[in-house]
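A.B. asks: A single structure is presented below for examination.
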Ligand SMILES: Cc1cc2nc3c(=O)[nH]c(=O)nc-3n(C[C@H](O)[C@H](O)[C@H](O)COP(=O)(O)OP(=O)(O)OC[C@H]3O[C@@H](n4cnc5c(N)ncnc54)[C@H](O)[C@@H]3O)c2cc1C
Ligand code: FES
Ligand code: FES
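Protein chains in written order, with this note's numbering: chain A, 172 to 456; chain B, 2 to 167.
Structural data, given as structure tokens:
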């Protein structure tokens, strides 16, 4: 189908975009990569009166890495995040996960910040932000700039803390501390599809190889991405099954047309064990 | 409601093309309806099938998920532009003919544009890489085997033509 009639704005600066959002708030939608919004417009699942196209805001097209972590501007495409070697070196999980977001052609246009705001429960990057304890910087005329922690950002399925008059400016992915390995893996029906279950893990070890912190983040297992701390689990078995079991027990997936709850929980167990093992082996002495 | 029209200029296959479009005109429909370039096909209109793929400033994107107004000032290459300067078949087009890489041809424009850009990035793909490269494009006819062969053949043809030019 074709999208419904809409009034278009193509601001050239962030200030102008924020002003337009203040003026048209509840009736306007930000158009970033359009890889989620335009399908919804084409299927007429949404019909905003106005679109505020942020694709000319070149000032937000950046992926910056410093000693603390990686900052991804709102106009950085998934493909920019994937390609940035400095970002991969500081926060390997970014590339590990973004490579499983859709197909390369979609990643050429879709933005990482857009996928955070969109907050699909099966999307990868929200879980990455959550696992790393990242933040999103928002700006509006009303509230000025505010930083929202990942734990407060994903409110419900397709619902984030970004208000209707706010523009998401950048996402911050902190570099994991100490000797930390990470891993991402997922299962989808076809390569590039949204995952039925996806797991990201981070495992910190001390110099002797003992696990001092271990966490697993999940997508497709509930209305919002979730993180389970498995630091206290039994890591003595070389296959990490006990820790995976412990994590999967705390998830409460639902049945839907893509997979049953029981199958999802099974996937979570298998993928978590493999993922913890890979993350551990990346840094074990 | 009379829809507001936007003046846009898009460089299509090297030629600046002007148009007047409502905001909701998809880039694919601008090419097909306003410019009469019907090589770009629309299958699903939600980003899944890949038939509408074209190159925006050289990068493959779905033209069913971009508004024509957003493409104002940018350059687009469609399947019509994937040929040689004299109009002969380009290496990817030729390879599809040689390898019987199409049947009904509906999906073909999306494959041709995707592969054209891919070979710039990776001029000598393995068979596995070739499969990965076309993973975002659906074909309901061929079973993909001959399309994979066409990717490899196109890489050879492109190299041959480039070395003949030197
Ligand atoms: C075929 C296909 C397969 C896909 N598969 C996956 C997948 O496996 N995993 C995955 O994670 N995603 C997938 N996606 C979605 C893709 O990752 C999108 O790019 C992403 O969800 C949204 O980013 P966008 O820049 O395209 O945002 P848009 O579609 O432009 O916007 C999405 C929403 O976020 C809002 N928004 C965007 N940016 C901002 C901002 N800066 N400030 C305020 N609001 C903003 C918009 O108003 C809109 O409501 C897929 C898409 C397609 C078409
Ligand atoms: S028509 Fe654009 S991807 Fe199917
Ligand atoms: S040749 Fe018919 S869909 Fe591909």
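No residue lacks a Cβ here, since even glycine has one placed at the ideal position from N, Cα and C.
Can you find a C-beta in chain A that's less than 7 Å from the C-beta of residue 54 (chain B)?
C.D. replies: True, the Cβ-Cβ gap to chain A drops below 7 Å.
A.B. asks: Please state whether the Cβ-Cβ distance between residue 172 (chain A) and residue 213 (chain A) is less than 7 Å.
C.D. replies: It is a contact, given that the beta carbons lie within the stated cut-off.
A.B. asks: So, do the stretch 105–123 of chain B and the stretch 2–14 of chain B have three or more beta carbon pairs nearer to each other than 8 Å?
C.D. replies: No contact exists between the stretch 105–123 of chain B and the stretch 2–14 of chain B.
A.B. asks: Return yes when the C-beta of residue 63 (chain B) is under 6 Å from any heavy atom of ligand 2, and no when it is not.
C.D. replies: Answer for residue 63 (chain B): yes, Cβ within range of ligand 2.
A.B. asks: For residue 362 (chain A) and residue 136 (chain B), I'd like the C-alpha separation in whole angstroms.
C.D. replies: The straight-line gap from Cα to Cα measures roughly 7 Å.
A.B. asks: What would DSSP say about residue 344 (chain A), mapped onto helix, strand or coil?
C.D. replies: Here residue 344 (chain A) sits in strand by DSSP.
A.B. asks: Is the shortest distance between the beta-carbon of residue 229 (chain A) and the beta-carbons of chain B less than 7 Å?
C.D. replies: Chain B contact via Cβ: absent.
A.B. asks: Give me the DSSP bridge partner(s) of residue 325 (chain A).
C.D. replies: A:331, per the DSSP bridge assignment.
A.B. asks: Hey, does residue 62 (chain B) have any beta-carbon neighbour from chain A nearer than 7 Å?
C.D. replies: True, the Cβ-Cβ gap to chain A drops below 7 Å.
A.B. asks: Give every residue whose Cβ lies closer than 5 Å to any heavy atom of ligand 3, listed in chain order.
C.D. replies: Those residues, listed in chain order, are B:103, B:104, B:105, B:107, B:108, B:140, B:141 and B:142.
A.B. asks: List the residues of chain A that residue 70 (chain B) touches, going by C-beta distances under 8 Å, in chain order.
C.D. replies: Result: 179, 181 and 224.
A.B. asks: Measure how close the beta-carbons of residue 415 (chain A) and residue 440 (chain A) come, nearest whole angstrom, since I'm counting them as under 8 Å.
C.D. replies: Confirmed, Cβ separation roughly 5 Å.
A.B. asks: Check whether the Cβ atoms of residue 38 (chain B) and residue 4 (chain B) lie closer than 7 Å to each other.
C.D. replies: It is not a contact, given that the beta carbons lie outside the stated cut-off.
A.B. asks: Quick one: any contact between the stretch 231–239 of chain A and the stretch 347–357 of chain A, if contact means 3 or more CB pairs under 8 Å?
C.D. replies: Contact fails: fewer than three Cβ-Cβ distances are below 8 Å.
A.B. asks: Tell me, to the nearest whole angstrom, how far the beta carbon of residue 185 (chain A) is from that of residue 308 (chain A); I am working on the premise that it is less than 8 Å.
C.D. replies: Actually they do not touch by this definition, with Cβ atoms about 11 Å apart.
A.B. asks: Could you check which residue in A:395, A:359, A:402 and A:373 has the C-alpha nearest to that of residue 331 (chain A)?
C.D. replies: Closest option to residue 331 (chain A), Cα to Cα, is A:395.
A.B. asks: Below 8 Å on the Cβ atoms is my contact criterion, and I expect residue 78 (chain B) with residue 14 (chain B) to pass it. Report the Cβ-Cβ distance as a whole number of Å.
C.D. replies: Indeed, because the Cβ distance is near 6 Å, the residues count as touching under 8 Å.
A.B. asks: Quick check: the Cα distance between residue 42 (chain B) and residue 377 (chain A), rounded to an integer number of angstroms?
C.D. replies: About 56 Å.
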